[in-house]
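Q: Residue numbers (my numbering): 790 to 921. For each residue, glycine too, the CB sits at the ideal point set by N, CA and C. Okay, handing you the structure first.
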Amino acid sequence: MTTLKSIQTEKAPAAIGPYSQAIVAPPFLYVSGQIGLDPSSGEMVSIEFPVQTHRAIKNMKAVLEAAGCTLSDVVAVDVFLNDIIRFGEFNEIYAEYFTDHRPARAVVAVRGLPKDALIEIRCTACNQSLTP
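This is the structure in structure tokens:
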């Protein structure tokens, strides 16, 4: 049986429900969905899509780093947009973080997100040095 380890960091918003920011199941790290919440206040950083998108990715990156991973360890990304019309704008911002490394990815439109977020992003990373 695999031993699991929960990851928590103050550099990303606290979970707003009964879940962990991430779970290590070696050699994988499963990062929970991140939205544009400010880690300090727990409030949405802005009503603007680009600002929320940058913050959501930075929150995801903070959780990865807390587990000893980087964006280059990410193997899959799932993105939830409240409006698919933002797909192009999202791609431009995403490309600032994932330059040469291109994980597998899915982007879907959803009816609603927690805290009326405009975007939520989650990922799976793989790193052989992850331990429970």
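Mind the definition here: the segment 796-813 touches the segment 844-852 only if three or more C-beta pairs lie below 8 Å; say whether that holds.
A: The segment 796-813 is in contact with the segment 844-852.
Q: Which whole runs of the alpha helix (DSSP H) in the segment 808-881 are 4 residues long or more, in chain order?
A: DSSP runs (the alpha helix (DSSP H)) wholly in the segment 808-881: 838-855.
Q: Please work out which residues of its chain come closer than 8 Å, Cβ to Cβ, to residue 839, disregarding the five sequence neighbours upstream and downstream, and give them in chain order.
A: Position 50 of the sequence shown, counted from the first residue, corresponds to residue 839. Excluding positions up to five away in sequence, the list reads 878, 882.
Q: Compare the Cα-Cα distances from residue 865 to each of 806, 920, 820 and report the closest residue.
A: On the sequence shown, residue 865 is found 76 positions in, with the first residue counted as 1. Residue 820 is the option with its Cα nearest to residue 865.
Q: Just to confirm, are residue 825 and residue 834 a CB contact at a threshold of 8 Å?
A: Within the sequence shown, numbered from 1, the residue matching residue 825 stands at position 36. Within the sequence shown, numbered from 1, the residue matching residue 834 stands at position 45. In this structure, residue 834 lies closer than 8 Å to residue 825 by Cβ.
Q: Could you tell me the distance, in whole angstroms, from the CA atom of residue 888 to the CA atom of residue 870?
A: Along the sequence shown, one-based indexing puts residue 888 at 99. Along the sequence shown, one-based indexing puts residue 870 at 81. Looking at the two C-alpha atoms, the distance is approximately 21 Å.
Q: By alpha-carbon positions, which one of 847, 836, 872 ends up nearest to residue 901?
A: In the sequence shown, residue 901 corresponds to position 112, counting from 1. Taking only the C-alpha atoms, the option nearest residue 901 is 872.
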